[in-house]
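In my numbering, the protein residues as written are 121 to 419.
This is how it looks when you write it as structure tokens:
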């Protein structure tokens, strides 16, 4: 097989309990675990790689999803959770019912795939898995690929959208602001060091939210092993060294809740009570009234 050239609310909820999927797949699965389920009519494999990669090769039966289906844009925020209509459109496009299981993957280590899973959790659907390493790991294992685009019989009933579920996984600008003013919030900034310190501007202002600790999302990826996650014990140890308390809730953010899609998955895998601030830096940094910290990383 030829290896494709791919560039690489202020009130927190209680700790989350994992649910068992119809296919008995966990939140993180290896490529070899997916193989026996290929062709299962209750499985929906979702590819969030670049379209050029998907058209060249993808996991058999995978449905391609463009990231624009996952976000709602406003003037100052680029990656908000879609509204009810937008989420219903996403579900219709995925063509999934309550008994389906979604396995998501991409070509970048799991950020967009994690964002899709977060969207699904926010609308009340938790039968989800991230494919560890995505298409890189699939190819690295020598598993079959396809360039064909499958068609699927319409599913009925479709998954219903319950936006009340989003309160468990999503937080807002006002909630973050109130919590940091009271010193009651752990914040995880998973952008690059230059973004965190303010050296690189991706909004009107650079820097980070007061009190946020920095752990770049890609630090959790093993580039020597097909972009699979490093062992969770290693990532947990590093987070704790940075001052995070995994027994207390945390809010994660990046620029537009794309990269923090993988951080959200990491938090879930570590048993962390984790929410995402989907307004993210695109909202916080573009507002002129939000408190901002700049400067070097703590030693």
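In this text, a Cβ means the ideal position worked out from N, Cα and C, and glycines have one as well.
Pairwise C-alpha distance: residue 177 and residue 408 | Here residue 408 refers to the residue found at position 288 when the chain shown is read from its first residue. Here residue 177 refers to the residue found at position 57 when the chain shown is read from its first residue. If I take the Cα positions, the gap works out to 45 Å.
Should residue 401 be labelled buried (16 or more other beta-carbon atoms within 10 Å of its own) or exposed?
-> If you number the chain shown from 1, residue 401 lands on position 281. Looking at its Cβ environment, which holds 16 or more other Cβ atoms inside 10 Å, residue 401 is buried.
How is the alpha helix (DSSP H) around residue 388 delimited, first residue to last?
-> Sequence index remark: in the chain shown, residue 388 carries index 268 (1-based). Element bounds for residue 388: 380–389.
Alpha carbon to alpha carbon, how far is residue 315 from residue 322? Give it in angstroms, no decimals.
-> Counting from 1 along the chain shown, the entry for residue 322 is found at position 202. Counting from 1 along the chain shown, the entry for residue 315 is found at position 195. So the alpha carbons of these two residues sit roughly 7 Å apart.
Nearest-angstrom beta carbon gap, residue 399 and residue 205 [assumed within contact, 8 Å] | In the chain shown, counting from the first residue as 1, residue 205 sits at position 85. In the chain shown, counting from the first residue as 1, residue 399 sits at position 279. Not quite, the Cβ-Cβ distance comes to about 20 Å (not below 8 Å), so this is no contact.
From residue 188 to residue 393, what does the alpha carbon distance come to, in whole angstroms?
-> Position 68 of the chain shown, counted from the first residue, corresponds to residue 188. Position 273 of the chain shown, counted from the first residue, corresponds to residue 393. Taking the straight line joining both Cα atoms gives about 27 Å.
Residue range of the alpha helix (DSSP H) that includes residue 358 | As a working note, residue 358 is residue 238 in the chain shown. First-last of the alpha helix (DSSP H) with residue 358: 352–361.
Expressed to the nearest angstrom, what Euclidean distance is found between the alpha-carbon atoms of residue 354 and residue 341?
-> Indexing the chain shown from 1 puts residue 354 at position 234. Indexing the chain shown from 1 puts residue 341 at position 221. Residue 354 and residue 341: Cα-Cα distance of roughly 11 Å.
What three-state label does DSSP hand residue 126 in the structure shown?
-> Within the chain shown, numbered from 1, the residue matching residue 126 stands at position 6. Annotation note: pLDDT 33 at residue 126 (below 50); position unreliable, coordinate value reported separately. DSSP places residue 126 in coil when its eight states are reduced to three.
Relative to the alpha-carbon of residue 403, which residue among 170, 221, 329 has its alpha-carbon at the smallest distance?
-> Position 283 of the chain shown, counting from 1, holds the residue named residue 403. Selected option, being the one with the closest Cα: 329.
Taking residue 148 as the reference, which of 356, 277, 348, 161 has the closest Cα?
-> Against the chain shown, residue 148 aligns to sequence position 28. Checked all of 356, 277, 348, 161; the closest Cα to residue 148 is 348.
Which value, in whole angstroms, describes the spacing of the CA atoms of residue 420 and residue 356?
-> Nothing about residue 420 can be reported from this structure: the residues present for the chain run from 121 to 419 only.
Secondary structure at residue 309, three-state DSSP: helix, strand or coil?
-> If you number the chain shown from 1, residue 309 lands on position 189. Strand.
So which of 231, 405, 236, 283 has the shortest CA-CA distance to residue 111?
-> Within the shown structure, residues of the chain are numbered from 121 to 419, placing residue 111 beyond reach of any answer.
Residue closest to residue 289, alpha-carbon to alpha-carbon, out of 363, 208, 225, 238 = Position 169 of the chain shown, counting from 1, holds the residue named residue 289. Of the listed residues, the one whose Cα sits closest to residue 289 is 238.
Just reading off the alpha helix (DSSP H) that residue 295 is part of, what are its end residues?
-> On the chain shown, residue 295 is found 175 positions in, with the first residue counted as 1. Taken as a continuous stretch (DSSP letters only), the alpha helix (DSSP H) holding residue 295 covers 293–301.
In chain order, which continuous runs of the beta strand (DSSP E) of length 3 or greater are located wholly inside the segment 133–187?
-> 163–167
Take residue 193 and list the residues in its own chain whose beta-carbon comes closer than 8 Å to its own, dropping the five residues that flank it on each side.
-> Residue numbering aside, residue 193 sits at position 73 when the chain shown is read from its first letter. Cβ within range, chain order: 199, 200.
Find out if the Cβ-Cβ distance for the pair residue 301, residue 369 is shorter than 8 Å.
-> The residue given as residue 301 occupies position 181 in the chain shown. The residue given as residue 369 occupies position 249 in the chain shown. No, they are not a contact pair.
List the whole-angstrom C-beta distance separating residue 216 from residue 279, where the pair is believed to meet the contact cut-off of C-beta under 8 Å.
-> The residue given as residue 216 occupies position 96 in the chain shown. The residue given as residue 279 occupies position 159 in the chain shown. Residue 216 to residue 279, Cβ: 5 Å. Contact.
Which two residues bound the contiguous alpha helix (DSSP H) that contains residue 220?
-> If you number the chain shown from 1, residue 220 lands on position 100. Per DSSP, residue 220 belongs to no alpha helix (DSSP H) and is neither H nor E.
Report yes or no: do the segment 239–250 and the segment 178–185 share at least 3 C-beta pairs separated by less than 8 Å?
-> no
Buried or exposed: which applies to residue 413, given that a residue is buried once 16 or more other Cβ atoms fall within 10 Å of its Cβ?
-> Position 293 of the chain shown, counted from the start, is the residue given in the question as residue 413. Label assigned to residue 413: exposed.
Inspect the beta-carbon positions of residue 209 and residue 247 and report whether they are closer than 8 Å.
-> Reading the chain shown from its first residue, position 89 is the one you call residue 209. Reading the chain shown from its first residue, position 127 is the one you call residue 247. No. Outside cutoff.
Mark residue 235 as exposed unless 16 or more other C-beta atoms lie within 10 angstroms of its C-beta, in which case mark it buried.
-> By one-based count along the chain shown, residue 235 stands at place 115. Answer is buried; the Cβ neighbour count reaches 16.
Please go through the same chain and pick out, in chain order, the residues whose beta-carbon is closer than 8 Å to the beta-carbon of residue 336, but skip the five residues on each side of it.
-> Within the chain shown, the letter at position 216 stands for residue 336. Same-chain partners within the cutoff: 310, 311, 312, 313.
Which class does residue 276 belong to by DSSP, given the choice of helix, strand or coil?
-> For the purposes of this step, residue 276 is taken as the residue at position 156 of the chain shown. Residue state, collapsed to three classes: coil.
Candidates 365, 157, 225: which alpha carbon is nearest residue 170's?
-> Counted from its first residue, the chain shown places residue 170 at position 50. Residue 225 is the option with its Cα nearest to residue 170.
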